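Numbering (my numbering), first residue to last: 2 to 732.
Just so you know, even glycine gets a beta-carbon here, dropped at the ideal spot from N, CA and C.
Here the structure is a predicted model, which is why all the values come from computation and not from measurement.
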């Protein structure tokens, strides 16, 4: 037997003592606050690592992740044993409700809050209420706790750097977190009842195992009963010659509480090479003896038998792997435990898991009369009581890659692969800018309405909506008639907005410069020939004069005042600008030329510009954005958060000046506690504009619904998304 295994079996040898109580079944002897456990003669520490988007990555990315994961396995210390555990556990309903559901507030909107909460609960518990957690446990024989601490500090730093190369975050579990994992497994359904206070425990003379052990354990030949739950431990008995990297994912893809563990025992390379050389020597000796016998029978042309030739070829390949291809020899053991509410359910689940293994040409088998040993082997305690080892190289072991797909889940939709709820708190992102993209009819407006509903029901934040199609007003009226203003912009209408309105603190730098930039954008929207340098100078000069005069008189500056001031200028170009502005001051569209007649101080303000017509929508959008910017600035000074929704966002990037103004507004939104959300269908307009594509690539929250073929390729390139991920927004 190979020396590593001999040492391992010697270290694992323990005297068997008959368990007198349930606590004795848990093989942990001592615990320390930093998460180091003493099990048998070994110290064990557990690390938790996050998932990465492996399943939806492109082939090249998968290969690179696979090789990085192989490097991680290669870095494991040959003096210790490593256990990689995938833990499927049910969402703790009590915790979930506390962190996600909306509290009722005693107003007429409670009816909607109940409905929204019910929808969330149905999604969380109906679709796939399973959370998958992944752990890596290292156990090693050391003289005392100080030596063990020094060892784990070194190994932990190494692990964290290897996982971060994969894009996964690895963190140490302390004693309480590790005990919680065991408690949630042993006492399913009582997750919320876990409480562990070491000071209090020591004062009362309690054992830490009292806090996690099940009420009873009943042993049977092929299953265990933990309290009221049934569980069964299986192990991988027969391995196929070729295994797909999706096998572990498929085995753990059940809507059940279960755990799968991969035990890894690395062998030092020199010892492995010696072992394989001895094997190869044995094979060569057998072949030579066989040839000698044939020659003795005067059979000089005999071909070496196929099995001997195969043994020789495989041994040589193995030796090449170890010596030239940076592979290591490892012993692997795969065990898994299934949990169910009844024996019948357990049997049917077992059959389902066995058939998944058979599909991959592997054979899982139930442990007979070793269920308890098997259970201790699967749990991330750091114990291994089953010795069904298989010799593998690093790459063969890396096939059992534990990664699947990243869950978007803050402490608070549905993932297309894992079918879990997607939850995201924008406040925790690097920036709060958001885009909703999709072809017409793909559900952008519905997605935005869902978000607005949530904000109305569950926050006190202000909400400003630019609504080009008049589709948000009915929702806002139903949910917030008492806290909302709906401004209907139409030629000759009674609702007016002052385009020249400006609060203290407007703009990023000089407010007058920013405002003249806005007026230039406005003129450019009216006159498609653009604004030349002479016009820019005149607008800039007059804007400053108008505000100075308004300040002296104590009045509010309007677009009419600006036009009058431009008419006073001696240049001929001034007459042209004044003529362009006439429509908005003296003409039929004077809704932007005079003082505002609407209440802009309500919590929810909807700007409905459907009646403006296609020609004037871009202009309306521009004035509304400027009004929103003023409101955001006021809220920012009060320390209040504002959510801004702008529909038909692509329209503003059809002109250069309005694009510049919008880009500046977008930056200011972010700096002033506003969460802007742009809703657009024609992504091409955005991607053709350098400013818009920069805004898109710098936004942390992007919702992609069904995309047109031409947009898909550009978006994939801009946001670095693989074809596999893009397939979810195709058709």
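Exposure label - residue i; buried when at least 16 CB within 10 Å
| i | result |
| --- | --- |
| residue 248 | buried |
| residue 696 | buried |
| residue 507 | buried |
| residue 469 | buried |
| residue 589 | exposed |
| residue 442 | exposed |
| residue 642 | buried |
| residue 552 | exposed |
| residue 413 | Note that residue 413 scores 41 on pLDDT, short of 50, meaning its location in the model is unreliable; the coordinates nonetheless yield the value given after this. Residue 413 comes out exposed. |
| residue 47 | buried |
| residue 294 | exposed |
| residue 606 | buried |
| residue 729 | exposed |
| residue 158 | exposed |
| residue 677 | buried |
| residue 167 | buried |
| residue 493 | exposed |
| residue 306 | exposed |
Rounded Cβ spacing between residue i and residue j (contact assumed at less than 8 Å)
| i | j | result |
| --- | --- | --- |
| residue 499 | residue 559 | 6 Å |
| residue 563 | residue 532 | Actually they do not touch by this definition, with Cβ atoms about 14 Å apart. |
| residue 258 | residue 189 | 6 Å |
| residue 52 | residue 406 | 6 Å |
| residue 57 | residue 723 | 6 Å |
| residue 453 | residue 646 | 7 Å |
| residue 465 | residue 592 | That pair is no contact at about 18 Å. |
| residue 687 | residue 490 | Residue 687 to residue 490, Cβ: 24 Å. No contact. |
Contacting residues, own chain, Cβ-Cβ under 6 Å from residue i (five flanking each side not counted)
| i | result |
| --- | --- |
| residue 49 | 136, 172 and 174 |
| residue 488 | 496, 599 and 608 |
| residue 11 | none |
| residue 195 | 181 and 184 |
| residue 320 | 277 |
| residue 625 | 467 and 608 |
| residue 471 | 609 and 611 |
| residue 547 | 558, 562, 563 and 566 |
| residue 212 | 197 |
| residue 660 | 654, 690 and 692 |
| residue 568 | 579 |
Cutoff 7 Å; reference residue i; Cβ partners in own chain excluding five residues on either side
| i | result |
| --- | --- |
| residue 14 | none |
| residue 32 | 38, 176 and 209 |
Proximity of residue i and residue j at Cβ, strictly below 8 Å
| i | j | result |
| --- | --- | --- |
| residue 382 | residue 40 | yes |
| residue 539 | residue 570 | yes |
| residue 523 | residue 620 | yes |
| residue 651 | residue 681 | yes |
| residue 270 | residue 331 | no |
| residue 684 | residue 720 | no |
| residue 88 | residue 102 | no |
| residue 164 | residue 177 | no |
| residue 43 | residue 132 | no |
| residue 45 | residue 140 | yes |
| residue 557 | residue 515 | no |
| residue 692 | residue 623 | no |
| residue 390 | residue 334 | yes |
| residue 1 | residue 673 | The requested residue 1 does not occur in the structure, where the chain is confined to residues 2 to 732. |
| residue 309 | residue 287 | yes |
| residue 5 | residue 272 | yes |
| residue 576 | residue 535 | no |
| residue 436 | residue 700 | yes |
| residue 528 | residue 581 | yes |
| residue 252 | residue 354 | yes |
| residue 156 | residue 438 | no |
| residue 603 | residue 460 | no |
Beta-carbon contacts of residue i that lie in its chain and below 8 Å, excluding the five residues immediately before and after
| i | result |
| --- | --- |
| residue 635 | 504 |
| residue 351 | 233, 235, 339 and 367 |
| residue 458 | 103, 110, 113, 114, 117 and 480 |
| residue 9 | 82 and 266 |
Closer than 7 Å: residue i CB and nearest the ligand SAM heavy atom
| i | result |
| --- | --- |
| residue 239 | The ligand SAM is not among the ligands present in this structure, which contains no ligands whatsoever. |
**OP:** Check whether the region 280-294 touches the region 399-408, counting contact only when three or more Cβ pairs, one atom from each stretch, lie closer than 8 Å.
**Re:** Output reads no: the region 399-408 does not touch the region 280-294.
Subject >> Three-pair Cβ contact test at 8 Å for the region 336-343 versus the region 374-391 >> reply: Judged by Cβ distances under 8 Å, the region 336-343 makes contact with the region 374-391, as three or more pairs qualify.
Subject >> At least three beta-carbon pairs within less than 8 Å, the region 24-37 to the region 214-222 >> reply: Inter-segment contact for the region 24-37 and the region 214-222 is present: three or more beta-carbon pairs are separated by less than 8 Å.
Original post:
With contact counted as at least three CB pairs below 8 Å, one residue from each stretch, are the region 231-244 and the region 61-79 in contact?
Top reply: The answer is no - the region 61-79 does not touch the region 231-244, with fewer than three Cβ pairs under 8 Å.
**OP:** Kindly confirm or deny that the region 78-87 and the region 258-273 touch, where touching means at least three C-beta pairs closer than 8 Å.
**Re:** Result yes; three or more Cβ-Cβ pairs closer than 8 Å.
Subject >> Stretch-stretch touch, CB-based, cutoff 8 Å, three pairs: the region 110-124 with the region 356-376 >> reply: Under the three-pair Cβ rule at 8 Å, the region 110-124 does not count as touching the region 356-376.
**OP:** Indicate whether the contact test is met: 3 or more Cβ pairs, each with one atom in the region 429-448 and one in the region 699-710, closer than 8 Å.
**Re:** Touching, per the Cβ criterion.
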